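Going letter by letter, the sequence shown gives residues 9 to 610 in this note's numbering. Following: one structure in structure tokens, then a few remarks.
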Amino acid sequence: MSRKQHEHPAAGTTGKMGVYQRLLRYLRPYVLQLLVAYIAMLGVTVLNLFIPQVIKNAIDRGLTAGNATALFTAAAVILGLALLRGVAAFARRYFGEWLSHRVSYDLRNHFYESVQRLPFAFHDRTQTGDIMSRATSDISETEQFVGIGMMELATTVLLLGGVTAAMLLENWQLALLALIPLPFLILATLRFGATVRPMFTNIQEQMGVLSTVMQESLTGILVVKSFAREPHELAKFDRENDNWFSLRLKLIRTWGNNWPFFTFVIAASIFFLLWFGGSRALEKEITIGSLFAMISYVMMLNGPTQRLGFLVNLAATAGASANRIFEIIDTPREVAEKPGAMALERVQGEVTFDDVGFAYREGLDILRGIQFTAAPGQTIALIGPTGSGKSTITNLIPRFYDPTEGRVLIDGVDVRDVTLRSLRRHIGIVLQDPFLFRATIAENIAYGRPEASMDEIVAAAKAARAHNFILSFPHGYETRVGERGVTVSGGQKQRIAIARALLYDPRILILDDSTSSVDTETEHLIQQALEELMENRTTFIIAQRLLTLKQADCILVLDQGRIVERGTHAELLAQDGLYRQIYDLQLRDQEEFQALETELVG
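See the structure below:
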């Protein structure tokens with residue numbers, strides 16, 4: 009089914025009742041189905057209320073009077089009512105379930121769209137397992153209530169009102185006696201709902217923790233097995249699973265303590281009817297049929313009353329789950345487009361950092377006073393100790409974050425003044441550990457340009473030095489790489505990622521050129537591919553290789569969020585500063601190895 013386009017329900021209060029009001033807004037686009045479902049529900053309820061009256065007439069005019077015709081007539085009426093009720097019950101169930109799953113469909117789409125549009129800062133601080141738990145378990149719990157569950161709750165409330173009215177019309181004195189326990193039932197139900205709602209919130213949050221533990225362990229299964237830490241991971245999972253079960257057990261005890269009272273209320277009503285109504289029936293003050301009708305009405309409440317606890321439980325679960333879903337949907341999009349933001353069309357590739365500062369939160373500065381300009385086609389290498397701000401600088405260019413001070417400009421235009429889509433269309437990124445989707449190699453290469461032809465995909469792969477190894481696979485470009493690209497090596501993944509960036513054809517490149525995990529031959533192929541990729545493009549490289557640094561037009565040396573040195577490789581070596589220290593500690597060995605390799609080849 010294609011996704012239906014309509015406005016998402018606006019953010020609103022998510023208090024005790026506000027969360028339900030907001031959830032019900034998802035039903036607005038489906039008024040016709042909602043009307044059919046609730047008219048059918050009303051029809052089932054009204055037909056149910058007629059049956060005790062038919063039985064009353066069968067007893068008083070048939071059994072008591074010895075009139076067989078009245079009995080057959082009553083039987084025929086009950087059969088006819090059953091047929092009508094069956095049709096109405098089908099419509100109620102079908103459209104109730106349809107609404108449940110359609111709202112679930114829309115809510116899941118809205119949730120996923122929100123997650124996709126949230127900034128990097130959100131994903132940095134949020135566990136993937138918890139997001140998955142909200143997208144699956146929480147939406148599933150919400151789905152059960154919003155359609156059929158809410159309808160069952162409405163049926164129960166309507167039936168309580170209808171039975172009360174019918175009993176009062178039948179015999180108001182007996183009805184008042186029989187309904188004495190009802191206010192206690194309502195109070196107990198409300199108290200039960202208030203008690204279990206926070207319990208369900210805790211259970212759903214613990215399920216998020218449990219999902220996070222599982223997701224983390226499965227993602228890092230290679231490390232787990234390498235260090236034989238399976239027992240540790242099992243113990244960790246068992247501990248969180250035990251916590252979840254303890255919370256569930258506490259809820260079960262609460263349920264068990266309240267459930268007998270709900271049943272006792274019905275028994276008390278029947279007791280009053282038999283005690284007081286039975287004697288009146290013996291004295292002929294009321295008919296036996298009337299007494300039976302009164303008892304039938306009370307018995308009719310037995311099922312709904314028992315379901316009431318379940319439905320309050322379901323509503324509490326849905327409220328807790330919906331709150332967790334709306335927390336994500338309502339998370340502010342920290343990187344947002346300005347009203348009227350313009351599209352960034354043709355780009356030369358000049359990038360300027362104008363006195364840029366950045367802090368993830370107040371008082372925790374990551375960058376301070378960053379000032380430089382990269383001319384079109386230049387290669388800028390970033391180097392510095394861990395935590396010096398290298399990755400943060402590259403993350404500010406495509407607006408994964410916004411600077412807290414200063415401006416980032418592309419061709420003299422502040423990146424905050426242009427649309428995100430047009431900005432990122434001109435920026436390509438190749439990471440140290442590139443991500444491949446569970447798809448074919450061709451689909452991974454064409455991820456940024458899905459409309460690309462096969463000839464263009466092959467040309468990009470050839471330029472990235474990936475074509476030969478791709479053809480070595482049985483299915484070539486149609487080979488599926490598996491989850492997270494597990495069926496290809498690290499060097500192969502990197503070349504596929506380079507081919508993806510080449511096909512995307514950006515004017516600005518962001519690279520992490522670490523090749524420490526590949527062999528010398530693969531490193532050489534990757535370097536050739538990178539040289540092809542960088543040609544005539546403005547390139548920012550988080551540099552860890554000497555060759556990259558030597559070829560860079562400008563090296564920015566960062567320390568504690570500031571640029572402490574800048575210049576070419578030769579200029580920085582001559583300054584005898586931080587760059588020289590890094591060179592002596594980390595890069596001199598590379599140069600000596602290259603010299604030895606050249607000597608051996610010669």
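Glycine is no exception: its CB is placed at the ideal position from the N, C-alpha and C atoms. If you're wondering where the values come from, they're calculated on a predicted model, not measured in any experiment.
1) Using the beta-carbon count (16 or more within 10 Å), is residue 434 buried or exposed?
2) Between which residues of its own chain and residue 83 is the CB-CB distance below 8 Å, once the five residues before and five after are set aside?
3) Kindly indicate which residue of 569, 570, 579, 571 has the alpha-carbon position closest to the one of residue 560.
4) Which class does residue 212 belong to by DSSP, given the choice of helix, strand or coil?
5) If we call anything under 8 Å between Cβ atoms a contact, is residue 46 one with residue 110?
6) At which residues does the alpha helix (DSSP H) containing residue 512 begin and terminate?
7) DSSP three-state label for residue 379, please.
8) Out of 202, 356, 238, 537, which has the shortest C-alpha to C-alpha gap to residue 383?
9) Less than 8 Å between the beta carbons of residue 5 and residue 511, yes or no?
10) Let me confirm a value: residue 396 is counted as buried when at least 16 other C-beta atoms fall within 10 Å, else exposed. Which label applies?
11) Ordered along the chain, which non-local residues of its own chain (more than five positions away) have a Cβ less than 6 Å from that of residue 325?
12) Using the Cα positions of residue 90 and residue 214, report the straight-line distance between them to the nearest angstrom.
13) Should residue 480 go down as buried or exposed, given a rule of 16 or more other Cβ atoms within 10 Å for buried?
14) Just confirm the distance between the C-beta atoms of residue 143 and residue 120, as a whole number of angstroms; I'd bet it's less than 8 Å.
15) When the distance is taken between beta carbons, is residue 138 closer than 8 Å to residue 219?
16) Exposed or buried, what is residue 253 when buried is set at 16 or more other beta-carbons lying within 10 Å of its beta-carbon?
17) Where does residue 206 land, buried or exposed, given buried means 16+ other C-beta within 10 angstroms?
18) Please report the distance separating the alpha-carbon of residue 369 from that of residue 134.
19) Just list the alpha helix (DSSP H) runs in the stretch 396–466, keeping only unbroken ones of 4 residues or longer that don't cross its boundaries, in chain order.
20) Considering only the alpha carbon of each residue, which of 454, 49, 31 lies closest to residue 115?
21) Compute the beta-carbon to beta-carbon distance between residue 390 and residue 147, rounded to the nearest angstrom, for a pair I have assumed lies under 8 Å.
22) Out of curiosity, what's the CA-to-CA distance linking residue 573 and residue 564?
23) Suppose contacts are defined by Cβ-Cβ distances below 8 Å. Is residue 398 in contact with residue 444 by that definition?
24) Do the stretch 419–438 and the stretch 470–477 make contact, defined as three or more Cβ pairs closer than 8 Å?
25) Would you mind listing the beta strand (DSSP E) stretches within the stretch 59–143 that are 3+ residues and don't spill past its ends, in chain order?
26) For residue 575, which three-state DSSP category applies?
27) Which two residues bound the contiguous alpha helix (DSSP H) that contains residue 587?
28) Considering only the beta carbon of each residue, do residue 309 and residue 171 sit closer than 8 Å?
29) Quick one: what does DSSP say residue 566 is sitting in, helix, strand or coil?
30) In its own chain, which residues sit with a C-beta less than 7 Å from the C-beta of residue 365, not counting the 5 before and 5 after it?
31) Spatial neighbours of residue 255 within its chain, please: CB distance less than 8 Å, with the 5 preceding and 5 following residues excluded, ordered by chain position.
32) Within 8 Å, do at least three Cβ pairs link the stretch 154–163 to the stretch 45–60?
33) So which of 108, 546, 274, 131 has the shortest CA-CA distance to residue 185?
34) Please determine, among 381, 432, 428, 442, the residue with the shortest C-alpha to C-alpha distance to residue 575.
35) Look at the alpha carbon of residue 351 and the alpha carbon of residue 418, and state the distance between them as a whole number of angstroms.
36) Mind reading off the beta-carbon distance from residue 409 to residue 449? Whole number of angstroms is fine, and I expect it under 8 Å.
Judging by the given coordinates:
1) buried
2) 66
3) 579
4) helix
5) no
6) 498–512
7) strand
8) 356
9) The structure shown does not extend to residue 5, since the chain is modelled only from 9 through 610, so no value can be given for it.
10) buried
11) 149, 208
12) 45 Å
13) exposed
14) 7 Å
15) yes
16) exposed
17) exposed
18) 16 Å
19) 398–404, 428–432, 449–453
20) 31
21) Actually they are not in contact, since the Cβ atoms of residue 390 and residue 147 sit about 42 Å apart, beyond 8 Å.
22) 6 Å
23) no
24) no
25) none
26) strand
27) 586–590
28) yes
29) strand
30) 373, 375, 376, 377, 411, 412, 413, 414
31) 207, 210, 211, 214
32) yes
33) 274
34) 381
35) 12 Å
36) Between residue 449 and residue 409 the Cβ distance is about 32 Å, and since that is not below 8 Å, they are no contact.
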